[in-house]
Amino acid sequence: MAETYDAVIIGAGVFGSGIAHELTSRGWKTCNVDMFGAAGHGSTSSSGAIIRFNYSTVPGVEIAWEGNHYWEDFEDYIGVPDELGYARKITTGGLFLRTHDDLHKLYVKCMGAAGVPYEEWTAADLAERLPSIGLDLYGGPCGIDDDRFWAEPTGSIPGALYQPAAGHISDPQLAAHNLHTAAKAKGGEFRFNTTVNEILTTDDASAVRGVKLDDGTEIHSPVVVNVGGPFSATLNSMAGLSGTEAITTKPMRHEVHVAAAPEGVDYENDGMMVADLDQGMYFRPEAGNQIFIGSTDPDCDPVEWVDDLSTLNREITEERWNIQTMRLAKRIPTFGVPHQKKGLADAYDVSSDWGPIYDRTDLDGFFAARGTSGNQFKNACVGSHLMAELINAVTNGLDHDNDPLVVTGRYTGAKLNMADFSRNRTINPDSTGTVLG
Ligand SMILES: Cc1cc2nc3c(=O)[nH]c(=O)nc-3n(C[C@H](O)[C@H](O)[C@H](O)COP(=O)(O)OP(=O)(O)OC[C@H]3O[C@@H](n4cnc5c(N)ncnc54)[C@H](O)[C@@H]3O)c2cc1C
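Per the numbering used here: the sequence shown = residues 342 to 778.
Quick look at the structure:
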């Protein structure tokens, strides 16, 4: 006899573990299945875990602001002891350099509408409050083989959007472990080192029936949740859903780098998260007085879509290391060229408009939290809450596609309309088309 659960959750990353925590809190009997050895060992473990609020739609800002409150309250939200301790939010403040006036104004409008605190800084404010960064403008990112890379500055950055509550989570993998511990304490089961090879459906293929594992075992359940991270499109395709959704997802390889802060700069304590579209990058303080460097994937850089995740190169490349550290050297003039190469590569699960899908699917009982596009770690807890509310409502008869669920945020009271995260939404024309969302 196959084992039965109220819900099978494919994946035990920060989302899979979060959804298990939320569903077990509602009395559901859940089982997470993950091919890796422990919670958060997938793309969650590579996350920059940055928390910031500049998104190009009001709902995007509202969910990030609501999500921030979960991290501020994380120990209480977990609610049980964890022998590994707890992940914690490190609030550094964050800057979006004013390099594109239209985007700056859009962010100000959306953050204002969502009630997120912000300040508009002048160049003089920047010079006083973050003296380590230079304010030269170079006319947008380009490769090092482009003459423009070495040319004189074309102007000067006039200011920035400052978000005092921005920061990052100390240890994203530990956050997933904490959520998994909370779910386990309420009876949630986790099967690691186990791969889902098949999605089982009813004879007429209208509803999900469970999953089949790599050892041939079946687990039966009327609800299955796809939280496979970069593997989510593969799982949707296993469920026969390819081509059924307006918003599609695809894995994209992405490198992040870590380098020592320049001599005499205590970036760990005095630095902040900085998004710099002039150099196509973002950076933030990292433990050990280091700087964590990410890319906004500017058009001049090659895009690395991944067809087969089993062949993903997880080592950083000389080429990407060089361009990212040299771009940082243009923004932090005392940075120099670091000798020790450090960093990692993993895959984003990129959606058509770089926004997430938190939704049901056309297969009854099959739900998905996917397309997190390198920018939704921050929303893992609130997103898990939304998914649990949705799963509960739809299994109780809600016609979500025609009468979308609106969830009231636990902390901010914001009305989060889940139609904004629909698999069939219209592509957001204001999206930056990058990790910034
Ligand atoms: C390099 C990088 C930097 C990032 N930086 C930020 C940031 O600064 N801020 C931010 O907000 N977000 C960031 N993100 C995004 C964020 O980290 C991810 O959106 C989030 O961690 C995804 O979590 P997840 O649980 O959905 O996926 P994952 O953590 O990838 O978990 C999915 C799990 O599903 C399992 N799985 C898949 N298929 C199967 C199967 N068939 N059988 C069994 N198990 C399966 C995998 O083993 C995996 O453990 C970043 C992401 C990356 C990769």
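Using N, Cα and C, we set each Cβ at its ideal position, and we do this for glycine too.
- Distances taken from the Cβ of I391 to the heavy atoms of ligand 1 include one shorter than 7 angstroms.
- Using a Cβ distance threshold of 8 angstroms, G724 and A710 count as a contacting pair.
- DSSP assignment within the region 548-630 yields the following whole alpha helix (DSSP H) runs of 4 residues or more, N-terminal first: 573-579, 608-611.
- One Cα belongs to L739, the other to D705, and the distance between them is close to 12 angstroms.
- In the three-state DSSP reduction, K719 falls in the helix class (H, G or I).
- Per DSSP, reduced to three states, the secondary structure at D417 is helical.
- Looking from the CA of K682, the closest CA among G635, V599, D761 belongs to V599.
- Two segments are said to touch when three or more pairs of C-beta atoms, one from each, lie closer than 8 angstroms; by this definition the region 589-606 does not touch the region 614-621.
- In this structure the region 649-663 does not lie against the region 620-630, because fewer than three pairs of beta carbons, one per stretch, are closer than 8 angstroms.
- With fewer than 16 other beta carbons inside 10 angstroms of its own, K756 counts as exposed.
- From the listed residues M667, A390, V566, M759, the smallest Cα separation to Q514 is found for A390.
- E596 sits buried, since 16 or more C-beta atoms from the chains shown fall within 10 Å of its C-beta.
- Distance from the C-beta of D375 to the nearest heavy atom of ligand 1 is below 7 angstroms.
- If you draw a 10 Å sphere on the C-beta of D694, you find 16 or more other C-beta atoms in it, and that means buried.
- The beta carbons of D687 and R661 sit about 13 angstroms from each other, so the pair does not count as a contact at 8 angstroms.
- Taking one beta carbon from each stretch, the region 766-775 and the region 396-412 have 3 or more pairs nearer than 8 angstroms; the two touch.
- In the DSSP secondary-structure assignment, H509 is bridged to I391, I431.
- By DSSP's assignment, S692 forms a beta bridge with T590.
- With a cutoff of 8 angstroms on beta-carbon distance, H561 and T702 are scored as not near each other.
- Looking from the CA of P643, the closest CA among D466, F437, T658 belongs to T658.
- A residue is called buried when at least 16 other Cβ atoms come within 10 angstroms of its Cβ; W406 meets this threshold and is buried.
- When DSSP assignments are scanned along the region 446-474, the uninterrupted stretches of beta strand (DSSP E) that are 3 or more residues long and fall wholly within it turn out to be 460-463.
- V565 and T542 have their C-alpha atoms roughly 10 angstroms apart.
- Here the alpha carbon of A501 sits roughly 25 angstroms from the alpha carbon of S388.
- With a threshold of 7 angstroms, the Cβ atom of L447 does not count as near ligand 1, since no heavy atom of the ligand is closer than that.
- Assignment of beta-bridge partners to T371 by DSSP yields A348.
- Residue pairing by DSSP puts T542 in a beta bridge opposite V549.
- Per DSSP, reduced to three states, the secondary structure at E424 is coil, with no helix or strand assignment.
- Beta bridge pairing from DSSP links A709 with N567, D700.
- With contacts defined by Cβ atoms closer than 8 angstroms, E539 and V552 form a contacting pair.
- Residue environment analysis places A468 among the exposed positions, since fewer than 16 neighbouring C-beta atoms fall within 10 angstroms of its C-beta.
- Inter-residue distance for S384 and G569 is about 10 angstroms (C-alpha atoms, whole angstroms).
- For Q514, no pairing in a beta bridge is given by DSSP.
- Shown here, E530 sits in a strand according to DSSP, grouped into three states.
- Secondary structure note for N758: its beta strand (DSSP E) is the uninterrupted segment 756-758.
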